[in-house]
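Take the sequence shown: its position 5, counting from 1, is numbered 5 in UniProt numbering, and each next residue is one higher.
Right, one structure below, let's go through it.
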Amino acid sequence: MTDSKIATVELGTGGPEVGVQGLGCMGMSFAYGPTDTEEARATLERALELGVTLYDTADAYGQGENEKFLSPFFKAHRDEVVIATKFALSIPPGEPTKRIIRNDPPYIRQAVEASLRRLDVDVIDLYYMHRRDVNFPIEETVGVMAELVREGKVKQLGLSEVTGGELRAAQSVHPIAAVQSEWSLFSRDIEAGVVPAARELGVALVPYSPLGRGFLTGSFANAEQDLTADDFRRQQPRFTGDNAAANAALLEPVRAVAEAHGASLGQVALAWVQQQAALRGMPVVPIPGTRKRTRIEENAAATRIVLGEEDMALLEPIASKVAGDRYPDMTFTSAGRE
Numbered sequence: 001m002t003d004s005k006i007a008t009v010e011l012g013t014g015g016p017e018v019g020v021q022g023l024g025c026m027g028m029s030f031a032y033g034p035t036d037t038e039e040a041r042a043t044l045e046r047a048l049e050l051g052v053t054l055y056d057t058a059d060a061y062g063q064g065e066n067e068k069f070l071s072p073f074f075k076a077h078r079d080e081v082v083i084a085t086k087f088a089l090s091i092p093p094g095e096p097t098k099r100i101i102r103n104d105p106p107y108i109r110q111a112v113e114a115s116l117r118r119l120d121v122d123v124i125d126l127y128y129m130h131r132r133d134v135n136f137p138i139e140e141t142v143g144v145m146a147e148l149v150r151e152g153k154v155k156q157l158g159l160s161e162v163t164g165g166e167l168r169a170a171q172s173v174h175p176i177a178a179v180q181s182e183w184s185l186f187s188r189d190i191e192a193g194v195v196p197a198a199r200e201l202g203v204a205l206v207p208y209s210p211l212g213r214g215f216l217t218g219s220f221a222n223a224e225q226d227l228t229a230d231d232f233r234r235q236q237p238r239f240t241g242d243n244a245a246a247n248a249a250l251l252e253p254v255r256a257v258a259e260a261h262g263a264s265l266g267q268v269a270l271a272w273v274q275q276q277a278a279l280r281g282m283p284v285v286p287i288p289g290t291r292k293r294t295r296i297e298e299n300a301a302a303t304r305i306v307l308g309e310e311d312m313a314l315l316e317p318i319a320s321k322v323a324g325d326r327y328p329d330m331t332f333t334s335a336g337r338e
């Protein structure tokens, strides 16, 4: 494994310079079952050594516990990292499938102050609206977020799971650095509206779940059979029952490309996402999540894999054949509004 650092890119027009691959930190203390805390902390350090500088969390991850978990690492490396966190989404204790979304101004101000306290920092580098509350005009929400920038509490603004039209409306109020949406070999619906809008406006795309929540790595085949009872992937339609079996069969072309490149399935899936930057002429910074140093090394190495035209053609049909929705309830995503 080479220790050479990954390349960098500007995160949106006027945004910070970050590694072309970030790190999704949710699973280090939330959603994916038991965590080896010592290994997770070592993974954060290893990621930074490899040039990963964008670290992604949210106040919804363990009701703020994920932000607290990351705080010591951020404090130790404050000038080297770009901290991204989010507001607007909460998951009630004991109701893992329920989502509460709020975009009202008092809530936003309460949320940013709470995140600043938990992270123990003076300013958040990139602050996302995690989900859209359609009861509030997005211009109003972004207007409040813009006030946070002027007050020095936030440096850059981001949106998650928005439509192309919503992105344009938001940009009319204040520059948006990044849009975070699910984008992978299994999930490509954002290519219709959000991707063209982001490219036009100079906004970076930050794909979450670029590895299909691990399914694209082949690390599990059926969530109900292979994952622990507290792993939230057991609630996701794509990974259970007949859907899981159908989707597992879709990994065959990924295996073929991986074998041709001497790579892992996960590296091919990540390379496909990373390559969208060159194909679409825009910054694309995926944030695969992991809790292990070996995986962060594997993921970072994927930034140097170049897939050929034949590889891309082989992978092209996969998304159209995927069985099942991303979530049991898709109403809290942008899918129904695009």
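Ideal Cβ placement from N, Cα and C applies to all residues, glycine included.
Practice problem: Go ahead and pull the three-state DSSP assignment for residue 251. | Solution: coil
Quiz prompt | Own chain, CB closer than 6 Å to residue 156, minus 5 neighbours either side, in chain order | solution = 15, 126, 177
Quiz item: Within 7 Å: the Cβ of residue 311 and any heavy atom of the ligand ATP?
Solution: Because no ligand of any kind appears in the structure shown, any question about the ligand ATP cannot be addressed here.
Quiz prompt | Validate contact between the stretch 194-207 and the stretch 281-301 using beta carbons, cut 8 Å, 3 pairs | solution = yes
Quiz item: If you measure from the beta carbon of residue 10 to each beta carbon in chain C, is any gap under 8 Å?
Solution: Reference to chain C is not applicable here, since this structure consists of a single protein chain.
Practice problem: Compare the beta carbon distance of residue 167 and residue 129 with 8 Å and say whether it is the shorter of the two. | Solution: no
Quiz item: Whose C-beta lies closer than 8 Å to the C-beta of residue 98 among residues of the same chain, with five residues either side of it excluded?
Solution: 91, 92
Practice problem: Indicate whether residue 140 and residue 333 have their beta-carbon atoms separated by less than 8 Å. | Solution: no
Self-check item: Per-residue DSSP class, three states only, for residue 229
Solution: coil
Quiz item: According to DSSP, what are the bridge partners of residue 178?
Solution: 158, 204
Exercise. Classify residue 396 as helix, strand or coil using the three-state DSSP reduction.
Key: Lying outside 1 to 338, the shown extent of the chain, residue 396 is not represented and no answer is given.
Quiz item: Since residue 261 contacts residue 254 with CB under 8 Å, what's their CB separation in whole angstroms?
Solution: With a Cβ gap of about 11 Å, residue 261 and residue 254 do not count as contacting.
Practice problem: Flag this pair as touching only if the stretch 232-250 and the stretch 300-312 have three or more C-beta atom pairs under 8 Å; answer yes or no. | Solution: no
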